[in-house]
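Just below is one structure, and these are the notes that go with it.
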Amino acid sequence: AQRVTQPEKLLSVFKGAPVELKCNYSYSGSPELFWYVQYSRQRLQLLLRHISRESIKGFTADLNKGETSFHLKKPFAQEEDSAMYYCALRSDRGSTLGRLYFGRGTQLTVWP
Amino acid sequence: DTEVTQTPKHLVMGMTNKKSLKCEQHMGHRAMYWYKQKAKKPPELMFVYSYEKLSINESVPSRFSPECPNSSLLNLHLHALQPEDSALYLCASSALNRGRTDTQYFGPGTRLTVL
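So the protein sequences, as listed, match chains V and Z.
Residue numbering for the first sequence follows my numbering, beginning at 1 and increasing consecutively.
Residue numbering for the second sequence follows my numbering, beginning at 1001 and increasing consecutively.
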């Protein structure tokens, strides 16, 4: 069965410190993983997708199939990074094709 | 146009009312989704329409009735709701690229309060 685990519900760091939001997954097919971000009172926005291998707002995430992880990292956190971050896995299977499975989310707070 | 729009932004309704939520996208996407989101929780999938046909219903109570009039529009009809149905209702769409990456884009949501 597919599952996305974000072990930290809350994460606090100081401005300028490195930050890592953890995401582990369980999926028997070829995983397709995403990070979404939800700033206060704003819509859920796509931040990263593993297939693009890009860096957005200084964030990167690498898919590690051996460890079944897709951790989100940023070397120097900024106050404006404070938000709720969701890791999500997309199903590539038949009747659930396209469905997203979300982790519970990690609320990141960056202190000045 | 690269956005998903939703109306209304806020809705307050009584348990005997009938109301509808609307969602629109003009990105040519062929899949549209309704989610329910409680505060500080991830979105919970309710319905999926693929090529204007209902493909997934996550055992949602019948007081929620989805409708997809065309490929750009998605409605959610509400009737006889309960206070526990108060939540942020999100619409999303995706291109539904089989075999390739397919990204869901979310609307801003409708904040629903049931009195």
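Positions of the beta carbon are idealized from the N, C-alpha and C atoms, including for glycine.
Item, Value
"By how many angstroms is the C-alpha of V/A88 removed from the C-alpha of Z/P1083?", "29 Å"
"For V/K22, which of V/L108, V/Q2, V/G105, V/H71 has the nearest alpha-carbon?", "V/H71"
"Near V/V19, what residues of its chain come up, given a Cβ to Cβ distance below 6 Å and the 5 sequence neighbours on each side ignored?", "V13, K74, A77"
"Could you list which residues in chain V have their beta carbon closer than 9 Å to that of Z/N1028, in chain order?", "It should be noted that the sequence gives Gly, not Asn, for residue 1028 of chain Z. Those do not exist, as Z/G1028 stays about 15 Å from chain V at its closest Cβ, beyond 9 Å."
"Under 8 Å, Cβ to Cβ, is there at least one residue of chain Z near V/G29?", "no"
"What span of residues does the beta strand (DSSP E) with V/S26 cover, start to end?", "24-26"
"So Z/R1111 packs on Z/L1076, CB below 8 Å; how close in whole Å?", "Going by Cβ atoms, the distance from Z/R1111 to Z/L1076 rounds to 14 Å, so no, they are not a contact pair."
"Figure out for me which residue from Z/K1019, Z/E1067, Z/L1011 has the closest Cα to the Cα of Z/A1031.", "Z/E1067"
"How would you label V/W111, buried or exposed, when you count the other beta carbons within 10 angstroms and need 16 or more for buried?", "exposed"
"Does the separation of the CB atoms of Z/L1011 and Z/K1018 fall below 8 Å?", "no"
"V/Q40 by DSSP, collapsed to three states: which one?", "The sequence shown places Ser at residue 40 of chain V, not Gln. The answer is coil: DSSP assigns V/S40 none of H, G, I, E or B."
"Excluding the 5 residues flanking Z/V1004 on each side, which residues of the same chain have their C-beta closer than 7 Å to its C-beta?", "C1023, Q1025, C1091, A1092, S1093, Y1105, F1106, G1107"
"For a contact meaning CB atoms closer than 9 Å, what does Z/V1114 contact in chain V?", "The contacting residues do not exist; Z/V1114 stays about 21 Å from chain V at best."
"Within 10 angstroms of the Cβ of Z/P1069, are there 16 or more other Cβ atoms? Answer buried if so, exposed if not.", "exposed"
"In three-state DSSP terms, what is V/H50?", "helix"
"One question on the structure: do Z/M1013 and Z/L1081 come within less than 8 Å of each other, judged by their Cβ atoms?", "yes"
"List, in order along the chain, the chain Z residues whose C-beta lies closer than 9 Å to that of V/Y86?", "P1042, P1043"
"Beta carbon of V/L108, beta carbon of V/A83: below 8 Å?", "yes"
"To the nearest angstrom, how far is it from the Cα of V/R49 to the Cα of V/Q42?", "20 Å"
"Does the beta carbon of V/R93 sit closer than 8 Å to a beta carbon anywhere in chain Z?", "no"
"Helix, strand or coil for V/E79? Go by DSSP, reduced to three states.", "helix"
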